[in-house]
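**Student:**
Numbering (the working numbering), first residue to last: 262 to 567.
See the structure below:
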């Protein structure tokens, strides 16, 4: 095991300190980055509330009684309150119809106090997620799921960035990890993480490859990459033998194995080899809600010509 530090970032922003694993990998602390970002949002929201006369508002819609969804909704509500963002909660029963959901969204679209709308997924099987997403005002689509906002990712005039991929880019930015010119591999092609992640890396001038379940010789693709974002939803998908020593590894996976929460990367072995890595938990996950708050603040500023 080497104890040499393979990556020594300089001029780190205030609040960020370089910490390393015993093997010399820089720990990319998403929990710390999220804390700093949420404080930045809180201060700006407080200032703009004094200017405008109202605080930013985020509406969260939950349909059904899924326990995990209830936890996520409560987490977002608490995060809003801590960030000077007003939270509006809407809870429809499991047997709500598509029309019920669409009527509620139309009403919230026309509520001036609400700047952002988030529909907690998954929805009950009888309700079309795409039709629900399509009904959200694109200017309030702080999850960046609406087709118009997804299409904007191909250009340069995005109002919002998808929360998890944007959270990854923010971690890299705060740790002064330059993406331009690097070979980046995204493992996973979901509409929520994989595909938009590839677009954001491409926009940052990385040379991007996307791998998925049909990719031949995934290990070789990993070993050839400078930056690897793993978002496949498969615990322990990649290990130490799959990476080179200069790799920056971003683990987006959140998997429950017994009573433990683990990522898609075998952290213990990989952290002894690579240059930098995000832990799970405490890596990308906290950044997702932090970016949601920032998107809500962005929408508030847009709605008030700020």
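For every residue, glycine included, the Cβ atom is placed at its ideal position computed from N, Cα and C.
Hey, would you say residue 298 sits closer than 9 Å to residue 404, going by beta carbons?
**Tutor:** no
**Student:** Identify the continuous beta strand (DSSP E) that holds residue 488 and give its terminal residues.
**Tutor:** Counting along the chain, the beta strand (DSSP E) containing residue 488 begins and ends at 488-491.
**Student:** By the 10 Å Cβ neighbour count, where 16 or more other Cβ atoms means buried, how is residue 391 classified, buried or exposed?
**Tutor:** exposed
**Student:** Between the stretch 337-354 and the stretch 513-527, are three or more C-beta pairs nearer than 8 Å?
**Tutor:** no
**Student:** What are the start and end residues of each continuous beta strand (DSSP E) run of 3 or more residues lying completely inside the stretch 308-386, in chain order?
**Tutor:** 318-324, 347-353 and 377-380
**Student:** Measuring only the C-alpha atoms, how far is residue 428 from residue 545?
**Tutor:** 7 Å
**Student:** Count the other CB atoms, across all protein chains shown, that sit within 10 Å of the CB of residue 286; report buried if there are 16 or more and exposed otherwise.
**Tutor:** buried
**Student:** Do the stretch 396-414 and the stretch 477-497 touch if we need at least three Cβ pairs shorter than 8 Å?
**Tutor:** The stretch 396-414, when compared against the stretch 477-497, does not touch it at the 8 Å Cβ threshold.
**Student:** Which stretch, first to last residue, makes up the alpha helix (DSSP H) that contains residue 435?
**Tutor:** 424-435
**Student:** Among the candidates 530, 499 and 542, whose CA atom is the shortest distance from the CA of residue 520?
**Tutor:** 542
**Student:** Could you tell me if residue 410 is buried or exposed, where buried requires 16 or more neighbouring beta carbons within 10 angstroms of its beta carbon?
**Tutor:** buried
**Student:** Going by DSSP, which residues form a beta bridge with residue 417?
**Tutor:** None; residue 417 has no bridge partner.
**Student:** Could you check what DSSP says for residue 410 in three-state terms: helix, strand or coil?
**Tutor:** For residue 410, the three-state secondary structure derived from DSSP is helix.
**Student:** Quick check: what's the CA-CA separation for residue 561 versus residue 358?
**Tutor:** Straight-line measurement puts the Cα of residue 358 at about 30 Å from the Cα of residue 561.
**Student:** Report yes if the CB atom of residue 538 is closer than 9 Å to the CB atom of residue 288, and no otherwise.
**Tutor:** yes
**Student:** Starting from residue 448, trace the beta strand (DSSP E) both ways and give me its first and last residue.
**Tutor:** 444-448
**Student:** Taking 7 Å as the limit between beta carbons, can you name the residues of its chain near residue 344, skipping five residues before and five after?
**Tutor:** Correct list, in chain order: 299, 302, 303, 306 and 554.
**Student:** If you drop the 5 nearest sequence neighbours on each side, which residues of the same chain put their C-beta closer than 6 Å to that of residue 393?
**Tutor:** Cβ neighbours of residue 393 beyond the five flanking positions: 362 and 380.
**Student:** Compute the Euclidean distance between the alpha carbons of residue 529 and residue 502, then round it to the nearest angstrom.
**Tutor:** Taking the straight line from one Cα to the other gives about 12 Å.
**Student:** What does the alpha-carbon distance come out to for the pair residue 320 and residue 291?
**Tutor:** Approximately 25 Å, taken between the alpha carbons.
**Student:** Just how far apart, CA to CA, sit residue 442 and residue 466?
**Tutor:** 6 Å
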